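Under this note's numbering, think of the first position of the sequence shown as 2, with each following residue one higher.
A virtual CB, placed ideally from N, CA and C, is assigned to each residue, including glycine.
Nothing here was measured: the structure is a model prediction, and the numbers come from that model.
Structure, as structure tokens:
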Amino acid sequence: MTKIRLKYVTENALYDLKTEFENYKEHYHDMNNEWFIEHLNKINGLLDSGIECDNFIENLNYNEDYQISDFENTKIIYSALKDLDPSTASDERLWVGLAHSQLWNFIKYRRKNEIESNDGNKIQNSFFFMRGNKRSLYVNCISRLWWTGYLTYDEGAEDPFHLTEIICKNAFASTLLLVSSNNFISNRKIAKGYLMSLKEREKTEGKISRYHFVKAAKYLNNLGSATLLDSLDYIEIKEIVDEVLNNEFGVISNS
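Given below as structure tokens:
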């Protein structure tokens with residue numbers, strides 16, 4: 002597979018794109034990003050990040066069913082950028098740079114309806130972080146794929162993305178926001194135990210609802226204020242969530 006080096010925008014370019022959005026808005030409807038590339042090059046605002054990876058862009062999934070493509074693209078993007086550290090992956094400049102350059106076509110596909118609506122807020126949310134840095138990581142249609150992979154990747158498992166699927170196929174955007182808004186989710190070990198319990202219940206019952214996610218997350222958040230959840234391993238976390246869900250929804254047959 003060929004290699005690529007990711008682009009990012011400078012702080013000055015990010016400021017320019019945001020503050021001059023109304024003046025540039027019409028170009029977000031362009032079929033290609035030639036205008037933005039020319040503009041950013043003119044102000045020396047689009048630079049080489051030095052991050053080299055496999056060319057995942059040519060493998061991105063453009064299925065009309067976003068439930069399918071979000072899951073597939075989470076696997077594709079995280080697999081290619083697994084070595085990206087969380088600090089770099091939290092930098093808006095990287096994702097904005099990709100959105101205006103190498104991943105322009107992907108944004109135009111994934112946010113087609115929002116862009117065509119000509120709603121300024123929806124267009125800005127498609128290309129920038131507009132809801133605070135932490136929340137935006139899980140809202141931006143590119144960064145959220147990497148962060149979903151980061152939180153759910155189960156290294157060593159036969160299918161390391163087996164926990165990713167449970168989020169992607171259960172109202173991905175709203176479920177991811179729910180999960181990411183909880184304090185415990187920054188700990189991947191806790192996230193793993195939480196999701197494993199939900200996956201086991203789904204496998205047995207056939208389907209789970211948003212309320213399953215909410216009930217378990219709320220309990221862990223409350224427990225975290227009195228218990229050092231970080232000191233527990235993922236199996237212990239799973240057992241805690243199992244008990245919560247069993248009490249609320251009934252004991253599943255293989256519990």
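Query: Please name the residue, chosen from VAL140, ILE77, THR153, that lies closest to ASN188 on a Cα-to-Cα basis.; Result: THR153
Query: In this structure, does DSSP put SER256 in helix, strand or coil?; Result: Caution applies to SER256, whose pLDDT of 46 falls short of 50 and renders its modelled position unreliable; the model cannot decide the point.
Query: Under DSSP, the beta strand (DSSP E) around LYS8 begins and ends at which residues?; Result: 4-10
Query: Let me know if SER181 comes out buried or exposed under the rule of 16 or more other beta-carbons within 10 Å of its beta-carbon.; Result: buried
Query: On the three-state DSSP scale, how would you describe ILE44?; Result: coil
Query: Whose CA, out of ASN126, LEU7, ALA217, lies closest to the CA of LEU18?; Result: ASN126
Query: Pick helix, strand or coil for VAL97, following the three-state DSSP scheme.; Result: helix
Query: List the residues that DSSP assigns as beta-bridge partners of GLU53.; Result: ARG6
Query: Out of ASN134, THR205, LYS193, which one is the CA nearest neighbour of PRO87?; Result: ASN134
Query: Between which two residues does the alpha helix (DSSP H) containing PHE173 stretch?; Result: 173-181
Query: Is any heavy atom of the ligand MN found at a distance shorter than 6 Å from the C-beta of ASN184?; Result: As far as ligands go, the structure on display features none, and thus does not contain the ligand MN.
Query: Per the contact definition of three or more C-beta pairs closer than 8 Å, is the region 37-51 in contact with the region 118-125?; Result: no
Query: Quick check on DSSP: helix, strand or coil for ARG145?; Result: helix
Query: Using three-state DSSP, classify MET197 as helix, strand or coil.; Result: helix
Query: So THR165 and PHE214 are in contact, right, with Cβ under 8 Å, and what is the actual spacing, rounded?; Result: Contact doesn't hold; Cβ gap of about 15 Å is too wide.
Query: With DSSP as the reference, label LEU230 as helix, strand or coil.; Result: helix
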